[in-house]
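The structure appears right after this line, and notes come after that.
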Amino acid sequence: AQSVTQPDIHITVSEGASLELRCNYSYGATPYLFWYVQSPGQGLQLLLKYFSGDTLVQGIKGFEAEFKRSQSSFNLRKPSVHWSDAAEYFCVRYNFNKFYFGSGTKLNVKP
Amino acid sequence: DTGVSQDPRHKITKRGQNVTFRCDPISEHNRLYWYRQTLGQGPEFLTYFQNEAQLEKSRLLSDRFSAERPKGSFSTLEIQRTEQGDSAMYLCASSLSVDYEQYFGPGTRLTVT
Chain A
1 AQSVTQPDIH
11 ITVSEGASLE
21 LRCNYSYGAT
31 PYLFWYVQSP
41 GQGLQLLLKY
51 FSGDTLVQGI
61 KGFEAEFKRS
71 QSSFNLRKPS
81 VHWSDAAEYF
91 CVRYNFNKFY
101 FGSGTKLNVK
111 P
Chain B
1 DTGVSQDPRH
11 KITKRGQNVT
21 FRCDPISEHN
31 RLYWYRQTLG
41 QGPEFLTYFQ
51 NEAQLEKSRL
61 LSDRFSAERP
71 KGSFSTLEIQ
81 RTEQGDSAMY
91 LCASSLSVDY
101 EQYFGPGTRL
111 TVT
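So the sequence lines, in the order shown, correspond to chains A and B. Counting from 1, one number per residue, gives the positions in the first sequence under the numbering used here. Counting from 1, one number per residue, gives the positions in the second sequence under the numbering used here.
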């Protein structure tokens, strides 16, 4: 079955610290991968996407993600977290006209 | 463009009643998706339209669920004979078929009592 796994349900980091959110996907072939953020009371917003080419992709709000085929991973990173980054983050895979969401990682930012 | 809108934002209904939700996508977007999101989970795909044609339906979409996009613009999602298990956030998203960037609406939160 096609799936996206986000192994961390909750993560807490201090403001200014670096961040890495993990994402693993299953089911071979070159995936189309995305990261979305869902802030309280707001709709899902696209942070970045990967289709092909350069495996390090830059997104909005200072986020980046790296596609590693050998590890079936697409981890999201940010060098310095801001309090406004507290939200839930979803890794998403597109395949055969459907989008498959991971279960999400809730990020808490300590002052 | 004001983005994707959904109406209503909240709906409380009694078990057994029918409910209908509306989604207005971004005007030039020809693809429209419906998702269901329950607490602690990521959105689950329900169905999608390319213009007015419904091209995919999830197995999650039982016979009580029906979706339409009559003129390739707005879409409706109807749930008949609601059950408590239908309580969830129903999300709509739209995109162009030439890329895969979905723009999401704020969702309709359904509570079945």
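Backbone N, C-alpha and C fix where the C-beta goes; we use that ideal spot for every residue, glycine too.
Express the C-alpha separation of residue j and residue i in angstroms, rounding to a whole number.
{"i": "Val57(A)", "j": "Lys14(B)", "result": "47 Å"}
{"i": "Ala53(B)", "j": "Thr105(A)", "result": "34 Å"}
{"i": "Ser18(A)", "j": "Ile26(B)", "result": "35 Å"}
{"i": "Val4(A)", "j": "Asp7(B)", "result": "30 Å"}
{"i": "Gln14(A)", "j": "Gly59(A)", "result": "The amino acid occupying residue 14(A) in the given sequence is Ser; Gln does not appear at that position. The alpha-carbon atoms of Ser14(A) and Gly59(A) are separated by roughly 21 Å."}
{"i": "Leu46(A)", "j": "Gln38(A)", "result": "9 Å"}
{"i": "Tyr50(A)", "j": "Phe67(A)", "result": "8 Å"}
{"i": "Gly16(B)", "j": "Gly3(B)", "result": "33 Å"}
{"i": "Gln6(A)", "j": "Ser73(B)", "result": "34 Å"}
{"i": "Val19(B)", "j": "Asn51(B)", "result": "23 Å"}
{"i": "His29(B)", "j": "Cys23(B)", "result": "13 Å"}
{"i": "Ser52(A)", "j": "Glu20(A)", "result": "21 Å"}
According to the neighbour-count rule (16 or more other Cβ atoms, all chains shown, within 10 Å of its Cβ), is residue i buried or exposed?
{"i": "Val98(B)", "result": "exposed"}
{"i": "Phe96(A)", "result": "exposed"}
{"i": "Lys110(A)", "result": "exposed"}
{"i": "Ser80(A)", "result": "exposed"}
{"i": "Trp83(A)", "result": "exposed"}
{"i": "Gln37(B)", "result": "buried"}
{"i": "Thr47(B)", "result": "buried"}
{"i": "Pro70(B)", "result": "exposed"}
{"i": "Arg69(A)", "result": "exposed"}
{"i": "Asp86(B)", "result": "buried"}
{"i": "Leu39(B)", "result": "exposed"}
{"i": "His10(A)", "result": "exposed"}
{"i": "Arg9(B)", "result": "exposed"}
{"i": "Ala31(B)", "result": "This sequence places Arg at residue 31(B); Ala is not what is there. Result: buried."}
{"i": "Ala29(A)", "result": "exposed"}
{"i": "Lys78(A)", "result": "buried"}
{"i": "Gln102(B)", "result": "buried"}
Taking DSSP as the reference, what is the three-state secondary structure of residue i?
{"i": "Ser103(A)", "result": "coil"}
{"i": "Arg9(B)", "result": "coil"}
{"i": "Lys61(A)", "result": "helix"}
{"i": "Asp24(B)", "result": "strand"}
{"i": "Ser84(A)", "result": "helix"}
{"i": "Gln17(B)", "result": "coil"}
{"i": "Arg69(A)", "result": "helix"}
{"i": "Gln84(B)", "result": "helix"}
{"i": "Ile9(A)", "result": "coil"}
{"i": "Leu76(A)", "result": "strand"}
{"i": "Val4(A)", "result": "strand"}
Fill in: Interfacial residues, the stretch 51 to 79 of chain B to chain A, with Cβ spacing under 7 Å
Within the stretch 51 to 79 of chain B, the residues whose Cβ lies closer than 7 Å to some Cβ of chain A are Leu55, Glu56, listed in chain order.
Discussion item. Quick check: the stretch 17 to 31 of chain A against the stretch 79 to 89 of chain B, are at least 3 beta-carbon pairs closer than 8 Å?
Written reply: As far as the Cβ criterion goes, the stretch 79 to 89 of chain B does not touch the stretch 17 to 31 of chain A, which means the pair count is below three.
Worksheet item: Do the stretch 90 to 107 of chain B and the stretch 56 to 74 of chain B touch if we need at least three Cβ pairs shorter than 8 Å?
Response: Short answer: they don't touch.
Fill in: Against chain A: residues of the stretch 95 to 113 of chain B by CB proximity under 9 Å
Going along the stretch 95 to 113 of chain B in chain order, one finds Asp99, Tyr100, Glu101, Gln102, Tyr103, Phe104, Gly105, Pro106, Gly107 with a Cβ nearer than 9 Å to chain A.
Item to complete: Give a yes or no on contact between the stretch 72 to 91 of chain A and the stretch 33 to 46 of chain A, applying the rule of three or more CB pairs nearer than 8 Å.
Response: A contact between stretches requires three or more CB pairs, one per stretch, nearer than 8 Å, and the stretch 72 to 91 of chain A meets this requirement with the stretch 33 to 46 of chain A.
Worksheet item: What are the residues of the stretch 67 to 79 of chain A that lie near chain B, defined by any Cβ-Cβ distance shorter than 9 Å?
Response: Result list empty, no residue passes.
Item to complete: Closer than 9 Å, Cβ to Cβ, to anything on chain B: give me those residues from the stretch 35 to 57 of chain A, in chain order.
Response: Cβ proximity to chain B below 9 Å picks out Tyr36, Gln38, Gly41, Gln42, Gly43, Leu44, Gln45, Leu46, Lys49, Phe51 from the stretch 35 to 57 of chain A.
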